[in-house]
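Read in order, the letters of the sequence shown correspond to residues -19 to -1, 1 to 225 in mature numbering (1 follows the signal peptide of the UniProt record, and there is no 0). Even for Gly, the Cβ is constructed at its ideal location relative to N, Cα and C. A quick write-up on the structure given underneath.
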Amino acid sequence: MRNSLFALFLLVAPFAAWASGGEGPELEHADIDLTDQASLQRGAKYFVNYCMGCHTLKYARYNRVAADIGITEAQLEEFLIFGDARSGELMTNSLRPEDGEKWFGTAIPDLTLVTRWRSPDWLFTYLKSYYVDDSRPYGVNNLVFPDVGMPHALADLQGVQEAVHADGGHDGGGHITGLKLVEPGTLTPEEYDNMARDITNFLTYVGEPIKLERRRLGVYVLLFLAVLGYLSYLLKKEYWKDVH
């Protein structure tokens, strides 16, 4: 029996370690709020303007997003749709997959479900964790996604960060213990954090648009089951009263 349990542990342990993310930087809490429509609207604006040139949301439609985040059809067409796309279409772009792979060395992922297969905290930390690395093709690397192929699309806003190593230096000689802003961007660190949080909030919504409604219905389902359980208990007592 003990041998069987030990074998089961050896089988499951690698998957548990993989699911926990293994070793890596501590993720910052995104502190998102899916009920904050102003944040969702800003996140949609930032995503369309800074991310959608390369990344798609191929499981989301423009008009569904507009309805959920509280903007009108006119606002959708004026601020979120560029080119010839129509409001009922999926949120894709004109970048051919083979071109993206040639330019960046890897296929460019669709981000509809990024916070489902990663997490909101992972995405929030990722957006804040670019740093200068001259060994990389685009001159930057990322703490939570080592050897990332994507350039820092928000560098002008965040500024330039350097890695701080365990020996106190910035040019190697130990593992990275943190990042230091050496060249400010057009946003203050607090403003950039808010922007990263808005993008994370929006992509968390996109990953599961029904999440708030699911939670609301879940409360009623649990209440129904509680009442049904109580009634079933009373019925059981009545049915078995002559036996007990």
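- Minimum Cα-Cα distance from P190 among the listed residues C35, Y31 and N44 corresponds to N44.
- The Cβ atoms of N182 and I13 sit closer than 7 Å to each other.
- Between Q22 and G69, the beta carbon gap of about 20 Å keeps them out of contact (Cβ cut-off 8 Å).
- R42 sits in a strand when the DSSP states are folded into three classes.
- When Cβ pairs closer than 8 Å are counted between the two stretches, the region 169 to 182 is seen not to touch the region 118 to 133, the count staying below three.
- For A144, the enclosing beta strand (DSSP E) stretches over residues G140 to H146.
- In the DSSP assignment, P170 falls within the unbroken alpha helix (DSSP H) covering P170 to G188.
- Unbroken alpha helix (DSSP H) runs of no fewer than 4 residues, entirely contained in the region 84 to 125, are found at 95 to 98 and 101 to 109, following chain order.
- Collapsing the DSSP output to three states places G159 in a strand.
- The three-state secondary structure of P165, taken from DSSP, is strand.
- About 6 Å separates the CB atoms of C35 and G81; that is less than 8 Å, so the two are in contact.
- Residue environment for N74: buried (at least 16 other C-beta atoms within 10 angstroms of its C-beta).
- In this structure, L15 lies away from K39, with their beta-carbon atoms at least 7 Å apart.
- When rounded, the separation of the alpha-carbon atoms in D102 and E79 is 30 Å.
- Only exposed fits L212, as fewer than 16 other CB atoms lie within 10 angstroms of its CB.
- Non-local C-beta neighbours of H10 in its own chain, meaning closer than 7 Å and more than five positions away in sequence, comprise D102, ordered along the chain.
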